[in-house]
């Protein structure tokens, strides 16, 4: 009997704790007194989440990005964060300063205040961020997609997975492409402003940081709809990189992760409004499909639907 | 040049992030819209916070206790918690169930709801808990002690440090005493009800989980007052254990940690009200000193004041 992976562990926990208000979505909603607080907790663990060569300031920033990205796709402005750290022995003063500097710069970048936390000693660097905001409007859930809605992503996919192939598996790439991929992995840019302005038009949304295939499958399942995909949301340089290294483009685009883009569905009648917001903010939208009756995520290849299964990173999968 | 320890790391962070609303206290206060939310974040790391032989269900419970205890001493009822986990490879289904079961039982014990979190893979078990409550009354800070106030603890000190001596250094003890000490270490009982009912009478308060000497020194510094100690808040069996093993009783009582008792100051005119609440809840108060003009924490030994310095556990101290 295999040990449980991340998905099974989460299910065990959900069985125990019953259905919270907003079960299985990107954020938690707390009703405290008359207030409605939106909370997101994310843990970054050095041995699984940090690439060789990544700067401590970028690691600190990325631990905030994960939460910002989740809040953004629900249209929630992050106001505060607490940070809990496990720090290994041998961490020098300079390293602490780099970490603190990264947090300080990122908190300015995203307009939030770091209000405290907890410092501990551990075997490896672990950064847990809890981020708080409020939202009195209706937030888009993962399960709100309606038949006829358009499926859109806030940016291209495939750069982070290409970056991993280059760094870890030595795939061949131009210096310029490597630079672009590295930036995606080391300094991802969550679409905060776009989420804040455009989320009111979304019928459903989800942060894609676990990979596009997992994201689409979660949304399709929770929306009880079929997601029909006809286009790959990616760049021409990713297509070129895949061809040159004989890598399946589908794997790069759908089975990556850490893109921190939002995937959302929108009624055709709102699409132009969303496009206008995106244009002003220079967010490169990709229209990738539509919502139909039925189930599963399917890719239309030569007019025959082919199922896109869950792929991508799952913690503790053996 | 030595690497920075926990205290220095915290100072570095505080320098960077400026003074939050409630700097250097047990909890953080967030003002979101018109609401005032009290947050406490605490991280438990297996390699530093878990004793050999401790059950996973007790580890789960203790990670919640740390936050409950901090909120309790400020009179804040915990309503919700999020949990972020790093889980090492080799964690079986049974172990996940024990962990989840511990969280479920403890959330019932403390009357709070676990609303979500984050699951990751790491080199060792790390549990981060963020806990939320609200409080519209004035909370006692660490810095509110006034000259003439009485210094009180909500229970005895010395059992957790005696327990560590027995388990890790094989000090001699009776089976009964060992059992009592183990219970203190494995299943500490935070004084939640007492804090909720009595904190309105406190002029200052602090959770003592870093050790009594650190707690008293922090309160004395932040209150800009002298804390004069004339009694040891401990049990006769701890005194006996110290004598039998030739351990300095002062070390056991003041330099331990993980007692999860609250230390508070109270004006003499409110002391009876606090005593009555304690009696009803079977909380064994210890009056240990008074607040005077001046600085430092001093123990009156043979009528001569002797400074009680910071001692106890500091993460990353070499």
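Protein chains in written order, with my numbering: chain Y, -11 to 306; chain Z, -11 to 306. C-beta: ideal position from N, C-alpha, C; glycine also.
>> Less than 8 Å between the C-beta atoms of residue 240(Y) and residue 146(Y), yes or no?
In response: yes
> Where does residue 297(Z) fall in DSSP's three states?
Replying inline: coil
> Does the pairing of the stretch 58 to 71 of chain Z with the stretch 98 to 112 of chain Y give three or more beta-carbon distances under 8 Å?
Replying inline: no
> Can you tell which of 177(Y), 51(Y), 172(Y), 205(Y) has the C-alpha that lies nearest to the C-alpha of residue 119(Y)?
Replying inline: 51(Y)
> Run through DSSP, which three-state label would residue 39(Y) get?
Replying inline: coil
>> Let me check understanding here. Comparing Cα to Cα, which of 282(Y), 114(Y), 91(Y), 83(Y) lies closest to residue 72(Z)?
In response: Looking at 282(Y), 114(Y), 91(Y), 83(Y), the one whose alpha-carbon comes closest to that of residue 72(Z) is 114(Y).
> Exposed or buried, residue 164(Z), counting other C-beta atoms within 10 Å across all chains shown (16 or more means buried)?
Replying inline: exposed
> So which residues of chain Y does residue 199(Z) contact, with C-beta pairs closer than 8 Å?
Replying inline: Ordered by position in chain Y, no residue passes the 8 Å Cβ test against residue 199(Z), which lies about 15 Å from the chain.
> With residue 160(Z) and residue 233(Z) assumed to form a contact (beta carbons below 8 Å), what rounded beta-carbon distance in angstroms separates them?
Replying inline: 6 Å
>> Counting only C-beta atoms, is residue 293(Y) closer than 8 Å to chain Z at any point?
In response: no
> chain Y beta carbons: is any one of them nearer than 8 Å to that of residue 249(Z)?
Replying inline: no
> In chain Y, what lies closer than 8 Å to residue 340(Z) by C-beta?
Replying inline: Residue 340(Z) lies beyond the stretch modelled for chain Z, which goes from -11 to 306, so this question has no answer here.
>> Taking 8 Å as the threshold (beta carbon to beta carbon), is residue 18(Y) in contact with chain Z?
In response: yes
>> Within a Cβ cutoff of 6 Å, which residues of the same chain sit near residue 204(Y), ignoring the five residues on either side of it in sequence?
In response: 215, 285
> Along chain Z, in chain order, which residues have C-beta atoms closer than 9 Å to that of residue -9(Y)?
Replying inline: 77, 78, 79, 80, 81, 83, 84
> Which residues, in order along the stretch 31 to 43 of chain Y, keep a beta-carbon less than 7 Å from a beta-carbon of chain Z?
Replying inline: When CB distances to chain Z are screened at a threshold of 7 Å, the residues of the stretch 31 to 43 of chain Y falling below it are 31, 33, 35, 36, in chain order.
>> List, in chain order, every chain Z residue whose beta-carbon is nearer than 7 Å to that of residue -6(Y).
In response: 107
> Who pairs with residue 214(Z) in a beta bridge, going by DSSP?
Replying inline: 280(Z)
> Can you give, in chain order, each stretch of the beta strand (DSSP E) that sits fully within the stretch 86 to 110 of chain Z and has at least 3 residues?
Replying inline: 101 to 109
>> Contact defined as beta carbons within less than 8 Å: I believe residue 192(Y) pairs with residue 128(Y). What is the distance between those atoms, to the nearest angstrom?
In response: 5 Å
> Roughly how many whole angstroms lie between the Cα atoms of residue 290(Z) and residue 168(Z)?
Replying inline: 31 Å
>> Can you check which of these residues, 57(Y), 222(Y), 0(Y), 25(Y), is closest to residue 183(Y) by C-alpha distance?
In response: Closest in C-alpha terms to residue 183(Y), from the list 57(Y), 222(Y), 0(Y), 25(Y), comes 57(Y).
> Are the Cβ atoms of residue 190(Z) and residue 254(Z) separated by less than 8 Å?
Replying inline: yes
>> Any contact between the stretch 10 to 30 of chain Y and the stretch 88 to 100 of chain Z? By contact I mean 3 or more CB pairs, one from each, below 8 Å.
In response: no
>> For residue 198(Z), tell me which candidate among 42(Z), 74(Z), 39(Z), 247(Z) has the shortest Cα-Cα distance.
In response: 247(Z)
>> Using a Cβ-Cβ distance cut-off of 8 Å, determine whether residue 296(Z) contacts chain Y.
In response: At a cut-off of 8 Å between beta-carbon atoms, residue 296(Z) makes no contact with chain Y.
> Which whole runs of the alpha helix (DSSP H) in the stretch 139 to 201 of chain Y are 4 residues long or more, in chain order?
Replying inline: Whole alpha helix (DSSP H) segments, 4+ residues: 147 to 157, 163 to 174, 180 to 186.
> Interface residues of chain Z around residue 303(Y) at Cβ under 7 Å?
Replying inline: One finds 107, 108, 109 in chain Z with Cβ atoms closer than 7 Å to the Cβ of residue 303(Y), taken in chain order.
>> Using only the alpha-carbon positions, how far apart do residue 238(Y) and residue 2(Y) sit?
In response: 32 Å
> Which bits of chain Z does residue 1(Y) rub up against, with CB to CB less than 7 Å?
Replying inline: 88
> Grouping DSSP H, G and I as helix and E and B as strand, with all else coil, what is residue 24(Z)?
Replying inline: Residue 24(Z): strand per DSSP, three-state reduction.
> If you count every other CB in all the chains shown that lies within 10 Å of the CB of residue 187(Y), and 16 or more means buried, which is it?
Replying inline: Burial state of residue 187(Y) is buried, judged by a 10 Å Cβ sphere holding 16 or more other Cβ atoms.
> According to the Cβ coordinates, are residue 29(Z) and residue 112(Z) closer than 8 Å?
Replying inline: no
> Assuming residue 135(Y) and residue 213(Y) make a contact with CB atoms under 8 Å, what is their CB distance in whole Å?
Replying inline: 6 Å
> Are the stretch 14 to 34 of chain Z and the stretch 23 to 41 of chain Y touching, with three or more C-beta to C-beta distances below 8 Å?
Replying inline: Yes: the two stretches touch, three or more of their Cβ pairs being nearer than 8 Å.
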